[in-house]
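Scroll down for the structure; my scribbles are underneath it.
There are 2 protein chains.
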Amino acid sequence: MVTIKDIAKRAGVSRGTVDRVLNNRPGVNPETEAKVRALIEEMGYRPNMAGQILAVKKRRLHLAFLIFHGPEFVFHLDILHAARDKAAELREFGVTVDFYLVRQLDTPYLERLFREVEDNQPDGIAALPLRTTAFMSFIQRMNAKGVPTVFFNLDEDFAPHLAYVGCDYVQSGRVAAGLVSLCTEGRGQVGIAAADGPNSPSFAGRMGGFSQELSANHPGLSMVDGGMPALFHNGDFTEVVDLVEQNPDMKAIYIVNMGDYGVCQEIHRAARGRNLAVITHDLAPAQQELLKNGLISATIVQQPDIQGSLPLQLLYEYLAFGTLPAKSKFFTDLHICISQNV
Amino acid sequence: MVTIKDIAKRAGVSRGTVDRVLNNRPGVNPETEAKVRALIEEMGYRPNMAGQILAVKKRRLHLAFLIFHGPEFVFHLDILHAARDKAAELREFGVTVDFYLVRQLDTPYLERLFREVEDNQPDGIAALPLRTTAFMSFIQRMNAKGVPTVFFNLDEDFAPHLAYVGCDYVQSGRVAAGLVSLCTEGRGQVGIAAADGPNSPSFAGRMGGFSQELSANHPGLSMVDGGMPALFHNGDFTEVVDLVEQNPDMKAIYIVNMGDYGVCQEIHRAARGRNLAVITHDLAPAQQELLKNGLISATIVQQPDIQGSLPLQLLYEYLAFGTLPAKSKFFTDLHICISQNV
DNA sequence: TTGTAAGCGTTATCAG
DNA sequence: CTGATAACGCTTACAA
Numbered sequence: 001m002v003t004i005k006d007i008a009k010r011a012g013v014s015r016g017t018v019d020r021v022l023n024n025r026p027g028v029n030p031e032t033e034a035k036v037r038a039l040i041e042e043m044g045y046r047p048n049m050a051g052q053i054l055a056v057k058k059r060r061l062h063l064a065f066l067i068f069h070g071p072e073f074v075f076h077l078d079i080l081h082a083a084r085d086k087a088a089e090l091r092e093f094g095v096t097v098d099f100y101l102v103r104q105l106d107t108p109y110l111e112r113l114f115r116e117v118e119d120n121q122p123d124g125i126a127a128l129p130l131r132t133t134a135f136m137s138f139i140q141r142m143n144a145k146g147v148p149t150v151f152f153n154l155d156e157d158f159a160p161h162l163a164y165v166g167c168d169y170v171q172s173g174r175v176a177a178g179l180v181s182l183c184t185e186g187r188g189q190v191g192i193a194a195a196d197g198p199n200s201p202s203f204a205g206r207m208g209g210f211s212q213e214l215s216a217n218h219p220g221l222s223m224v225d226g227g228m229p230a231l232f233h234n235g236d237f238t239e240v241v242d243l244v245e246q247n248p249d250m251k252a253i254y255i256v257n258m259g260d261y262g263v264c265q266e267i268h269r270a271a272r273g274r275n276l277a278v279i280t281h282d283l284a285p286a287q288q289e290l291l292k293n294g295l296i297s298a299t300i301v302q303q304p305d306i307q308g309s310l311p312l313q314l315l316y317e318y319l320a321f322g323t324l325p326a327k328s329k330f331f332t333d334l335h336i337c338i339s340q341n342v
Numbered sequence: 001m002v003t004i005k006d007i008a009k010r011a012g013v014s015r016g017t018v019d020r021v022l023n024n025r026p027g028v029n030p031e032t033e034a035k036v037r038a039l040i041e042e043m044g045y046r047p048n049m050a051g052q053i054l055a056v057k058k059r060r061l062h063l064a065f066l067i068f069h070g071p072e073f074v075f076h077l078d079i080l081h082a083a084r085d086k087a088a089e090l091r092e093f094g095v096t097v098d099f100y101l102v103r104q105l106d107t108p109y110l111e112r113l114f115r116e117v118e119d120n121q122p123d124g125i126a127a128l129p130l131r132t133t134a135f136m137s138f139i140q141r142m143n144a145k146g147v148p149t150v151f152f153n154l155d156e157d158f159a160p161h162l163a164y165v166g167c168d169y170v171q172s173g174r175v176a177a178g179l180v181s182l183c184t185e186g187r188g189q190v191g192i193a194a195a196d197g198p199n200s201p202s203f204a205g206r207m208g209g210f211s212q213e214l215s216a217n218h219p220g221l222s223m224v225d226g227g228m229p230a231l232f233h234n235g236d237f238t239e240v241v242d243l244v245e246q247n248p249d250m251k252a253i254y255i256v257n258m259g260d261y262g263v264c265q266e267i268h269r270a271a272r273g274r275n276l277a278v279i280t281h282d283l284a285p286a287q288q289e290l291l292k293n294g295l296i297s298a299t300i301v302q303q304p305d306i307q308g309s310l311p312l313q314l315l316y317e318y319l320a321f322g323t324l325p326a327k328s329k330f331f332t333d334l335h336i337c338i339s340q341n342v
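The listed protein sequences derive, respectively, from chains A and B.
Quick note, the first sequence lines up with residues 1 to 342 if you use the UniProt record's numbering.
Quick note, the second sequence lines up with residues 1 to 342 if you use the UniProt record's numbering.
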């Protein structure tokens, strides 16, 4: 294993000089720099993580983690939990993480919250992007200050950021289509239901992938109502019940997003013993139960643990070692859960 | 963050003494030991990994990785590849890994190979267990010497070992049953095929889980020939073709293990356009192709990367930090792959 | 039985 | 522009 000391010895300089070259710090004679660089290349120097971690600790890095947190967002809780675990893990690297839970979307509230984040002067920010001007200008201000940001869960490109960690919603819709096809032998009608249609940023992506996959590879399948979702909210399932009852030859139903898990019960009541495949996304505790009971046929998960932990890890690596993320978009795996492999 | 130095200061002893207590080394006055232990507890001391790694490096640990490697074992290649990556990663921790590829199963060959491993005096061993006396006695000898072993891929309990990393074959058969049920609406007949029946240690587990799940939760499904597999080898697919042709009402076929990927082609030829779900295990490159072509409906993967890397990681943690594995069996996730999420 | 000191590889701070 | 030195937290000889 070749170390900085080895390089320094062979170059006839001190460790400090080699360090300056490695970290592109000013104040090195171009000639010695060239010599050192050549040796780094030639000897195949790779920095030793443990040594770096130990030394970087003294900088006491400070990160901020922002997530929207409403009662209907069970999924965000899993992300938050993973992020807290990661924060605990990073503590021994001298990193502290401040968590900010966004609980409303009105501008004064948001501006006050973002001002607070800014005042705490974080070295990096992991955030669930919001489509509000308050958020956008906040991110832009932080960018201007050179504070790196990583987005998770929603892939918004209104401001430059270090990376995105989250679901590929289009592909996720395609997987849903594949599952529907599997459950129906590729023939028949499929209904669409959603708790939140146009307001949900993920809805469009999933529906795009779903319909695209259907028309490209599953000619025997068609969507009821041309893909217009039956919406349900606050315990009102009439649209969904109608969908099931008025389409007796419907073989499957795709629930694009769920807020109220009671919908599955209603669907099966309305189906009256008829075979109806139900495909959903995510795996809240309630959904695990529904899978076990056969009220959900299969669900597609999007690794909330990675969405919570990886953004903090990427920020740490960037700030501590100057390592840019390997890619700009880290798409989570689209795992399929059925009753037997939850 | 509380360090050994902090403890030492508060206890009025030196770092060395605290270290001795932490690592249960002899030569500490019971009274000071008690005082130090109390402080460790009270101050919530957690060892710092980076510091440990750096210090432990000097020991230059040496591991052995043994895997059976025949042409028909494509899956083992994925494990091997992951293990080599892990070995490269462990190099900067001062760890070297020797790889031994078992290419035959005759006793003289095996004994010579194991003798060679033994002579190299590894500090720990990761091995794919073999059901031969030569292997068993080798493991027992190493155990006697206090060299820890971790098994992967096959869960054999003939000798004590630190941990097992691999598939839960019984559960994996249950997942296959769940997929068959999904593809058939839970009704009809399912055929069984295998490249290797009784000789394959995983076959029994998978078939057990499969039939158990069917009888427990899928009363509408039954196995053709009572579960007797149609065997195929070396391009001879007659049994499988017969199975498909003679059971026109068969809705699905479960390929418990595959050596020859040509079987899928034959199955679909024999099916003559009839809808037939095909469920397999693993995801060799050839299988990816078959998934894309629709010749495999779904396949269940068992994380070869984890099977290759985790055993080495567990051995390192045990040898370097004395950390016992969190569990004795690390079952890999049973991920379901369809055409859309490979 | 206990303390001391060197070293693992890197970074940061001070002198020069 | 460069070198020396002191951390970061831990382990391990060796000395007392």
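For each residue, glycine too, the CB sits at the ideal point set by N, CA and C.
Note that the coordinates shown come from a computational prediction; the quantities given were computed from them, not determined experimentally.
Rounded Cβ spacing between residue i and residue j (contact assumed at less than 8 Å)
i: residue 192 of chain A; j: residue 227 of chain A; result: 6 Å
i: residue 282 of chain A; j: residue 75 of chain A; result: 5 Å
i: residue 221 of chain B; j: residue 180 of chain B; result: 7 Å
i: residue 154 of chain B; j: residue 201 of chain B; result: 5 Å
i: residue 50 of chain A; j: residue 50 of chain B; result: 5 Å
i: residue 347 of chain A; j: residue 92 of chain A; result: Given that chain A is displayed from residue 1 to residue 342, the structure contains no residue 347 of chain A and the question cannot be resolved.
Buried/exposed call for residue i, threshold 16 Cβ in 10 Å
i: residue 29 of chain B; result: exposed
i: residue 322 of chain B; result: exposed
i: residue 5 of chain B; result: exposed
i: residue 340 of chain B; result: buried
i: residue 314 of chain A; result: buried
i: residue 274 of chain A; result: exposed
i: residue 25 of chain A; result: exposed
i: residue 120 of chain A; result: exposed
i: residue 17 of chain A; result: buried
i: residue 206 of chain B; result: buried
Cutoff 6 Å; reference residue i; Cβ partners in own chain excluding five residues on either side
i: residue 167 of chain B; result: 302 and 332
i: residue 213 of chain B; result: 174 and 177
i: residue 308 of chain A; result: 79, 82 and 83
i: residue 65 of chain B; result: 83, 97, 99 and 126
i: residue 251 of chain A; result: 184 and 188
i: residue 61 of chain B; result: 95, 123 and 319
i: residue 284 of chain B; result: 74
i: residue 329 of chain B; result: 164
Contact check, residue i vs residue j, beta carbons under 8 Å
i: residue 318 of chain B; j: residue 198 of chain B; result: no
i: residue 101 of chain A; j: residue 134 of chain A; result: no
i: residue 195 of chain B; j: residue 257 of chain B; result: yes
i: residue 276 of chain A; j: residue 253 of chain A; result: yes
i: residue 271 of chain B; j: residue 182 of chain A; result: no
i: residue 36 of chain A; j: residue 21 of chain A; result: yes
i: residue 310 of chain A; j: residue 171 of chain A; result: no
i: residue 136 of chain B; j: residue 114 of chain B; result: no
i: residue 87 of chain B; j: residue 324 of chain B; result: no
i: residue 72 of chain B; j: residue 259 of chain B; result: yes
i: residue 336 of chain A; j: residue 53 of chain B; result: no
i: residue 69 of chain B; j: residue 103 of chain B; result: yes
Own chain residues within Cβ distance below 7 Å of residue i, not counting five before or after
i: residue 151 of chain B; result: 127, 129, 161 and 164
i: residue 296 of chain B; result: 264, 278, 280, 287 and 290
i: residue 186 of chain A; result: 218, 220 and 221
i: residue 240 of chain B; result: 193, 230, 232, 263, 266 and 267
i: residue 247 of chain A; result: 189, 191 and 224
i: residue 208 of chain A; result: 170 and 173
Cβ neighbours of residue i in the same chain (closer than 8 Å, five flanking residues each side left out)
i: residue 288 of chain A; result: 342
i: residue 117 of chain A; result: 64, 66, 98, 100, 125 and 138
i: residue 58 of chain A; result: 94
i: residue 33 of chain B; result: 21
Check: residue i C-beta below 7 Å from any heavy atom of the ligand SAM
i: residue 101 of chain A; result: Because no ligand of any kind appears in the structure shown, any question about the ligand SAM cannot be addressed here.
Requested in this report: Just list the beta strand (DSSP E) runs in the segment 247-328 of chain B, keeping only unbroken ones of 3 residues or longer that don't cross its boundaries, in chain order.
Outcome: Secondary structure in the segment 247-328 of chain B: the beta strand (DSSP E) runs of 3 residues or longer, each lying completely within the stretch, are 250-255, 277-281 and 298-301 in chain order.
Going residue by residue through the UniProt domain "HTH lacI-type" (2-56) of chain A, where are the continuous alpha helix (DSSP H) segments of at least 4 residues, counting only ones entirely within it?
Counting whole runs of 4 or more residues, the UniProt domain "HTH lacI-type" (2-56) of chain A contains the alpha helix (DSSP H) stretches 4-11, 15-22, 30-43 and 49-56.
- In the segment 83-126 of chain A, which residue ranges form an unbroken beta strand (DSSP E) of at least 3 residues, counting only runs that do not cross its ends? Listed in chain order, the complete beta strand (DSSP E) runs (minimum 3 residues) inside the segment 83-126 of chain A are 96-102.
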